[in-house]
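All remarks here apply to the structure that follows.
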Amino acid sequence: MGVKGLQGFADNCPGVLVQVNIAHLAADFQRHHDRKPVLLVDGMGCMRTFFSPRTPWIFSGQWKLLLDRIKCFVDAFTAVGIELVFIFDGVIENSKIAEWVKRRNEEIKKVGKIFQSIKKDGRHPNDSLLYLPSGLSFFSQQALKIHGATVYSSVIEADRAIFQFYRKYQAFGVLGQDSDFLVYDIHNYFSLNSLQFERRLEVKRYDRGRLCRQLCLQPFHLPLLACLMGNDVIAHESLSGFHSRLTGRPSNRFSDLLPVVARFLSDLQIGCLTPKVVADLELRVFGEAKHMLGLMDKVVSQYVQLTEPEPPAVTHVRSGCMEQRQDQALVKSSPQSRSGSRAGVEDQLTFQDKSTASQCQTQLFEALRKAHVNANIPSRIFNLFSDHVYQRRPGLEDSTDSTMPTAGLLLQPIRKRMYGLILGVGPEEDVSISRLPTSALCGASASATSSSCSDTTAKHLPSLCTPLQGLVIGVNAVKEWVACPGHTLAMEPEIVQAEPLNVPGRTPQLEAFWLGPQAEAWPLKLRVFLACMHCDLDPALLHRLPVHLILLCVLLRYFDQHSTPRFLRENDVDAFVAQAVCLPMYTLASLENLRATAIEDFYLVRSCIYSRAPVSEHQ
C-alpha cells in the first residue's frame, strides 16, 4: 500500500539503516535453523536493478543484456547458498484503482517531458526521466526462470503476498524498497536500493526497533501510523484537515509531518491493537465522514490479522520447492497443504477470495490460475478472465504528433477480439439482461461509461468506446483503463464491447486451447490468432516461418491495413525486419557498443506502438 513519508524518514533516520553482508547472515541462518535460507524479493521493485544502465533506456533495452544482468544477480546469491523467490504484482486491487489512475496520470506528464527533452537537443534524456519499457515485468519473470530462480505472480497485492509467504514459510528475509515492509513484522528487511550484488552482497538492513524508538512508538502502532499518514487506501489528501489540526498549518513536507503524527499517536497511549481502538481512532480523525468509515479497519487488517492464529513453523527448501514438515495432525487440519509439492506453495501464495473461487471452480479457471501464479502468462490474461478488466500504463508516445495514431486506439480492434475469445462471444450473442444485476449493465450508471481519455490537449483523441445499452461486464463487455499520453485518465473505466471472431462457426471455447492436446490445437490456434489480428495472410505461408517472424509479419500487416493515419513506411518495415533477423546474431559485447548519434522522436513512437501490441507482449 505504501505509507506516505515513512520510507524517506527511515532512510534518513540515524541508525535505522545498518550495513550488513547478506552472505554472512544467510550462513548464520542456515546454521541455526538447519535449512537453506530463502530470500523473498519484491519483483516489481527490481525492475530498475535489472534494467542495465549500460544500455540507453530510451531504446527499451535488449533481451540479451537483460538476460546477462539477471544472470549476474541470481548467480551472486546462489553462489553463497541463498535461494531467491521473486513475487511480482499480478493484480491491481479495487481499493488501489484510484491510486493506480493517479500514478498513470503522473506518468503521462512524465512522457510529455521526455519528448520535450528529446526535441530540444536530440540527446538521451536525463536519468531522472527514466521510463521503463512495456512488458519489462513479464520479460524479467521469464529471464529469472531461465536462470533458475523461483518466480510467482500474486493474486493479491504483492507486498501482502510476500509477507504472508514470509510468515508461513519462515523465510530468511525480504529484499525490497517499500515502506509496507517496515510496518510488517519482518526480521531481515534489506534495502534493495543499497544492494551491491556485484560487490560481495553488501547491503543495508532496516532496524525496525530503532525506527520505532526514534518515533516513540511500539511496533504494533505502525499500522495505525500508516492510516494517519496516508496510503493507497486512505489518500493523503483526505487527511489534510487532521494534519492541519495537529501542526496548526498546512505542511507539504513529510519529514516534518511524520514526527508530529507519531507524537499524536504516542500520546494516545494505546496498549494493544484491537478493532475498538481502530474504530475510535477513525472516529477521532474523520468524525462523521461516512465515506471514510471502515477504511482504517481495512488498512490495519491488511497489515495484521487481529484474530488470526500463528502460522505453522514448518519449512524446508529443496530444489526450488518448499517442503512442509508438519506433524500429522496439522496436515489433516489443513487440506490445502501438499507436502513436497509446489502446488502447496501456489495455494499459500494466491489466497484466492472464497466467493470468487466458488464461482470459478472449473478446470479452465484452475489452469489459468496456475499459469498466472507460476508466471507462465502475462497477468493481464488471468485478470481479463477472472475480473474482466484490462489496464495499461502510457507508452512513449508524442501527444503533439498528429501524424501518428494513438496506440490505445490503434490496437483496440485487436483487444476487442481478444475479449470476444476470452468471453466466448458468438456472432449472435443473446444476453438476457433481465436476469442480470443492474450493477453489471453498462448503462446502469452514467459514471460507468465515462471516457477514460478526456480530450484535453491539442491532439484529438476520439473515445475508445461508445457506451451502448445492453453491454454486460463479463458476458459481452470488458472494463478498460488505457492510459493515453496527452490525455487525463479517468477514474471510471471505458466499457468496451467484445467482438466475435471471424472464423467458421462460433468463437472457439478457451478449453480447446488450454485443456486439449497441444499438437491437435495448433491449426486452430493459428486460425484464431489470425482472426484476432484481423489478418488475411495465408496460414500455410506463415507456417513456413519461425514463430517469432510470424508475429512480426502479422503485426506489420495489421499496421499497414488498419492504422489511421497510416504511418508505416518502407524503411520502417526494413528496420523492424532487420532487428528481428539481425539482432539475435549480435554478441553481448557488440550490443553494448551500439550507439545512436541522435535520437529521433518519431522512431521512438513507432517502436513503442510495436512493443505495446498485445501480440508482441503476450507472445
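In UniProt numbering, the protein residues as written are 1 to 619. The beta-carbon is built from N, C-alpha and C at its ideal position, and this holds for glycine as well.
Given a cut-off of 8 Å, decide if residue j and residue i are closer than it, judged by their beta-carbon atoms.
i           : j           : result
residue 6   : residue 182 : yes
residue 264 : residue 246 : yes
residue 599 : residue 270 : no
residue 119 : residue 129 : no
residue 197 : residue 29  : no
residue 382 : residue 372 : yes
residue 542 : residue 580 : no
residue 229 : residue 261 : yes
residue 192 : residue 75  : no
residue 609 : residue 375 : no
residue 67  : residue 146 : yes
residue 485 : residue 570 : no
residue 10  : residue 18  : no
residue 611 : residue 134 : yes
residue 2   : residue 178 : yes
residue 253 : residue 21  : no
residue 638 : residue 40  : In the structure as shown, the chain starts at 1 and stops at 619, and residue 638 therefore has no counterpart that could be examined.
residue 299 : residue 234 : yes
Residue i to residue j, Cα distance in whole Å?
i           : j           : result
residue 572 : residue 479 : 33 Å
residue 476 : residue 425 : 6 Å
residue 513 : residue 204 : 47 Å
residue 338 : residue 162 : Low confidence applies to residue 338: its pLDDT is 30, below 50, so where it sits in the model is not reliable enough to give any reading.
residue 418 : residue 393 : 19 Å
residue 46  : residue 527 : 38 Å
residue 515 : residue 148 : 27 Å
residue 115 : residue 122 : 9 Å
residue 249 : residue 221 : 25 Å
residue 363 : residue 416 : 25 Å
residue 302 : residue 189 : 18 Å
residue 319 : residue 81  : Its pLDDT being 35, under 50, residue 319 is placed unreliably in this model, and the value from its coordinates should be taken loosely. Using only the alpha carbons, I get a separation of about 12 Å.
residue 70  : residue 409 : 34 Å
residue 64  : residue 588 : 6 Å
residue 227 : residue 495 : 33 Å
residue 208 : residue 60  : 37 Å
residue 158 : residue 502 : 38 Å
residue 290 : residue 283 : 10 Å
residue 592 : residue 582 : 15 Å
residue 102 : residue 173 : 31 Å
residue 506 : residue 530 : 15 Å
residue 559 : residue 568 : 7 Å
residue 620 : residue 561 : Given a span of 1 to 619 for the chain in the structure shown, any question on residue 620 remains unanswerable.
residue 521 : residue 504 : 15 Å
residue 12  : residue 142 : 35 Å
residue 369 : residue 219 : 35 Å
residue 453 : residue 491 : For residue 453, the pLDDT reaches just 40, beneath the cut-off of 50, and the residue's location in the model is therefore unreliable, although a value from the coordinates is still provided. C-alpha separation (whole angstroms): 10 Å.
residue 511 : residue 96  : 32 Å
residue 259 : residue 378 : 41 Å
residue 537 : residue 578 : 21 Å
residue 467 : residue 104 : Confidence in residue 467 is poor, its pLDDT being 49 and thus under 50, which makes the residue's placement too unreliable to answer from.
Under 6 Å Cβ to Cβ from residue i, same chain only, skipping five residues before and after it: list those, please.
i           : result
residue 594 : none
residue 422 : 384, 385
residue 285 : 242
residue 184 : 163
residue 50  : 69, 70, 140
residue 215 : 262
Just grab the DSSP bridge partners of residue i for me.
i           : result
residue 42  : 87
residue 173 : 39
residue 629 : Absent from the structure is residue 629, since the part of the chain shown begins at 1 and ends at 619.
residue 406 : In DSSP, residue 406 forms no bridge with anything.
residue 152 : 87
residue 63  : Paired residue(s): none; residue 63 is not in a bridge.
residue 21  : 202
residue 477 : 473, 497
residue 245 : Answer by DSSP bridge pairing: none, since residue 245 is not bridged.
Within a Cβ cutoff of 8 Å, which residues of the same chain sit near residue i, ignoring the five residues on either side of it in sequence?
i           : result
residue 329 : With a pLDDT of 24 at residue 329, under the threshold of 50, the modelled position of this residue cannot be trusted; read the value that follows with caution. Once the five neighbours on either side are set aside, residue 329 has no close Cβ partner at all.
residue 44  : 88, 89, 137, 158
residue 566 : 560
residue 107 : 131, 393, 394, 483
residue 524 : 508, 512, 513
Would you grab the beta carbon distance between residue i and residue j for me? Rounded to a whole angstrom, and I think it's under 8 Å.
i           : j           : result
residue 489 : residue 483 : 5 Å
residue 156 : residue 237 : About 25 Å separates the two Cβ atoms, so there is no contact after all.
residue 99  : residue 232 : 4 Å
residue 605 : residue 404 : 5 Å
residue 602 : residue 401 : 7 Å
residue 470 : residue 388 : That belief does not hold up - the Cβ atoms of residue 470 and residue 388 are roughly 16 Å apart, past 8 Å.
Quick one: what's got a C-beta closer than 7 Å to residue i's C-beta in the same chain, skipping five residues either side?
i           : result
residue 281 : 224, 296
residue 563 : 405, 410
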